[in-house]
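Asker: What follows is a single structure, and I will ask about it in a moment.
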Amino acid sequence: MTAMSLPPHLGDGHDPLAGLDSLRQEVRAFVAEERKAGSITFGQQTWTTFDREFSRRCAERGYIAMTWPREHGGHERSAAERYVVCEELLAAGAPLGSHWIADRQSGPQILRHGTEAVRKSILPRIAAGECTFGIGMSEPDSGSDLSSIRTRAERVDGGYTLHGRKVWTTNAQHADYLIVLCRTEQKGENRYAGLSQFVVPLDDPKVSVRPLVNLAGVHELNEVLFDGNFVPAENLLGEGGDGWKLVTEELGFERSGPDRILSTMGVLTIMAQAAGRNPDRHDAAAIGRLLARVVSIRALSVAISGRLSAGLPVTGMATAMKDMGTTLEQEIPEVARRMLDIVPAATGAPFEAALATAILNAPCFSLRGGTREILKGIIARELGLR
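Going by this note's numbering, the sequence shown opens with residue 4, and the numbers climb by one from there.
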């Protein structure tokens, strides 16, 4: 089993990714070069691992902003082509953190809802691998209930001033911008009204970024404080008060991609390699069950990608896919821990270090992008059960 060798798309018998083998081989050759150069360590990195130079090399290959218009630095390629590139890089454990959020959701939000000035200023820099974004949604005491946020934007001459704070903000210590969800009106009877999204530059001295070191001892998460920093009116996304609609749309991108399936693909690969050609029936069944789930959830992810590219709603589908995908990602290292006769060790041999990385990072998979409990509530509402 290679680092990425997934069976065909399931469903109607048609594989939306068929005919893209040459592109897949191209990306695998790129991955091989990067592994040889030492920038990819198999199984020991996550898609949040930050490497600006790697992102620049991806941009040179045309692997960022693939579906965007050329006038904004994009390449006008298909959603299927982008999916192939993303799943190959994710399965390889490439360090995508410098551009991943910008390419996955921030850029598409700016394309759809940003002013022309913001599009021209920011999108070509994302496409070149030069601009990093973070997500300004979660807040202290709000959990996954975004409607209860307290960060506010006050109208002033020429724009707004922001007051409040965000937490669990991935790579904010490196980011050039956050897309920030905040209140532009007082909270009323309709808790979803009066919210807006802004593209907020982080180079203002009135913005502070504080580290939150995770269980693996890595500084990836942050708390971001806004103390009256100015945001130009042109940085408002959509219309004032559109925030809930926009953030719901953005979460469709965030929750439905191959990054919600493949965070521990390296460990699944290791299990298959360790089992060899003649695994006992127990090992073969365990690996088979995991791989079958990867294939079926991937089929849903590919279908959602097509709907997103067509501008169709995906709220319930993306929510269900994220819950199933991150549950699978968490189970893979648990199965590996029981199956493999190795002791996880971050400084050990490649297999040991890969398993240690997966175990230490797995708890966050069902938290980032919405907790499991919140997701199940959304799914219940979609089904009319609540």
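Even for Gly, the Cβ is constructed at its ideal location relative to N, Cα and C.
Measuring CB to CB, does Ala142 end up less than 8 angstroms from Lys169?
Answerer: The question names Ala, but residue 142 in the sequence shown is Glu. Cβ atoms of Glu142 and Lys169: closer than 8 angstroms.
Asker: Once DSSP output is grouped into helix, strand and coil, what is the label at His116?
Answerer: If DSSP states are grouped into helix, strand and coil, His116 belongs with the helices.
Asker: Mapping the DSSP letters down to three states, classify Ala230 as helix, strand or coil.
Answerer: In the sequence on display, residue 230 carries Asp and not Ala. Asp230 falls in the strand class under three-state DSSP.
Asker: Considering just the uninterrupted stretch of the beta strand (DSSP E) at Leu165, what are its terminal residues?
Answerer: Taken as a continuous stretch (DSSP letters only), the beta strand (DSSP E) holding Leu165 covers Gly162 to Lys169.
Asker: Quick check: is any heavy atom of the ligand GDP less than 7 angstroms from the C-beta of Arg340?
Answerer: With respect to the ligand GDP, the structure offers nothing, as it holds no ligand at all.
Asker: Mind the definition here: the stretch 73 to 85 touches the stretch 113 to 133 only if three or more C-beta pairs lie below 8 angstroms; say whether that holds.
Answerer: In short, these stretches touch, since the Cβ pair count reaches three.
Asker: Find the nearest neighbour of Glu133 within the set Gly139, Gly110, Pro208 and Asp148, judged by alpha-carbon distance.
Answerer: Among Gly139, Gly110, Pro208 and Asp148, the Cα nearest to that of Glu133 belongs to Gly110.
Asker: Could you spell out where the alpha helix (DSSP H) holding Ile335 opens and where it closes?
Answerer: Counting along the chain, the alpha helix (DSSP H) containing Ile335 begins and ends at Thr318 to Met342.
Asker: In whole angstroms, what is the alpha-carbon distance linking Val210 and Tyr180?
Answerer: Distance between the alpha carbons of Val210 and Tyr180 is about 11 angstroms.
Asker: Does Tyr66 come out as helix, strand or coil in the three-state DSSP assignment?
Answerer: In the structure shown, Tyr66 sits in coil (DSSP, three-state: anything other than H, G, I, E or B).
Asker: The alpha helix (DSSP H) with Tyr195 in it runs from where to where?
Answerer: Here Tyr195 belongs to no alpha helix (DSSP H), and DSSP marks it neither H nor E.
Asker: Taking just the CA atoms, how far does Gly314 sit from Lys248?
Answerer: So the alpha carbons of these two residues sit roughly 14 angstroms apart.
Asker: Reducing DSSP to helix, strand and coil, say where Leu20 ends up.
Answerer: In this structure, Leu20 counts as coil in the three-state DSSP scheme.
Asker: Excluding five sequence neighbours on each side, which residues of the same chain lie with their C-beta closer than 6 angstroms to the C-beta of Val30?
Answerer: These residues qualify, in order along the chain: Val88 and Glu91.
Asker: Just to confirm before moving on: does the CB-CB distance between Gly100 and Thr44 stay below 8 angstroms?
Answerer: Their beta carbons are not under 8 angstroms apart, which means Gly100 does not touch Thr44 by this criterion.
Asker: Taking 8 angstroms as the CB-CB cut-off, is Ile67 touching chain E?
Answerer: Protein chain content of the structure displayed is limited to a single chain, and chain E is not contained in it.
Asker: Within 10 Å of its beta-carbon, does His102 have 16 or more other beta-carbons around it, so buried, or fewer, so exposed?
Answerer: That one is buried.
Asker: Tell me which same chain residues have a C-beta within less than 7 angstroms of the C-beta of Ala348, skipping the five on either side of it?
Answerer: So the list reads Glu355, Ala356 and Ala359, once near-sequence residues are dropped.
Asker: In whole angstroms, what is the alpha-carbon distance linking Ala289 and Met274?
Answerer: Cα to Cα, the separation comes out at about 10 angstroms.
Asker: Going by beta carbon distance, what residues of the same chain come within less than 6 angstroms of Phe53, once the five residues before and after it are set aside?
Answerer: Answer for Phe53: Gly100, Ser101, Asn174 and His177, listed in chain order.
Asker: Would you mind working out which of Asp283, His285 and Val297 sits nearest Ser327, comparing C-alpha positions?
Answerer: Position check: residue 327 holds Met in this sequence, whereas Ser was assumed. Closest option to Met327, Cα to Cα, is Val297.
Asker: Among Arg341, Glu237 and Ala83, which one has its Cα closest to the Cα of Arg310?
Answerer: It is Ala83 whose Cα lies nearest to the Cα of Arg310.
Asker: Should the stretch 252 to 268 be regarded as contacting the stretch 204 to 224, the criterion being three or more beta carbon pairs within less than 8 angstroms?
Answerer: Touching, no, given that fewer than three Cβ pairs across the two stretches are closer than 8 angstroms.
Asker: When burial is assigned at 16 or more other CB atoms within 10 Å of the CB, is Pro353 buried or exposed?
Answerer: So Pro353 counts as exposed.
Asker: So Phe136 is in the beta strand (DSSP E); what residue range does that whole segment cover?
Answerer: Per DSSP, Phe136 belongs to the beta strand (DSSP E) from Phe136 to Gly139.
Asker: Using CA atoms only, rank isn't needed, just tell me which of Glu237, Gly139, Gln47 and Arg85 is closest to Met69.
Answerer: When each option's Cα is compared against that of Met69, the closest is Arg85.
Asker: Go ahead and label Arg155 buried or exposed: buried means 16 or more other beta carbons lie within 10 angstroms of its beta carbon, across all protein chains shown.
Answerer: Result: buried.
Asker: Going by DSSP in three states, Ala156 sits in which element: helix, strand or coil?
Answerer: In this structure, Ala156 counts as strand in the three-state DSSP scheme.
Asker: DSSP puts Asn225 in a beta bridge; with which residues?
Answerer: DSSP output for Asn225 lists Pro214 as bridge partner(s).
Asker: Could you say which of Ser25, Glu79, Asp160 and Glu253 lies nearest to Arg115 if we only look at CA atoms?
Answerer: Of the candidates Ser25, Glu79, Asp160 and Glu253, the one whose C-alpha sits nearest the C-alpha of Arg115 is Glu253.
Asker: Roughly how many angstroms separate the alpha carbons of Ala323 and Lys190, rounded to a whole number?
Answerer: Going by the C-alpha atoms only, they are around 29 angstroms apart.
Asker: State the CB to CB distance for the pair Thr172 and Leu93, rounded to an integer number of angstroms; the pair is presumed to be in contact (CB under 8 angstroms).
Answerer: Not confirmed; about 21 angstroms, so no contact.
Asker: Are Ala105 and Phe136 close, meaning C-beta to C-beta below 8 angstroms?
Answerer: In this structure, Phe136 lies closer than 8 angstroms to Ala105 by Cβ.
Asker: What span of residues does the beta strand (DSSP E) with Arg186 cover, start to end?
Answerer: Its beta strand (DSSP E) spans residues Tyr180 to Arg186.
Asker: How many Å lie between Thr329 and Glu79 at the Cα?
Answerer: In a straight line, the C-alpha of Thr329 is about 30 angstroms away from that of Glu79.
Asker: Determine the extent of the alpha helix (DSSP H) in which Lys379 is found, giving its start and end residues.
Answerer: Start and end: Arg375 to Glu385.
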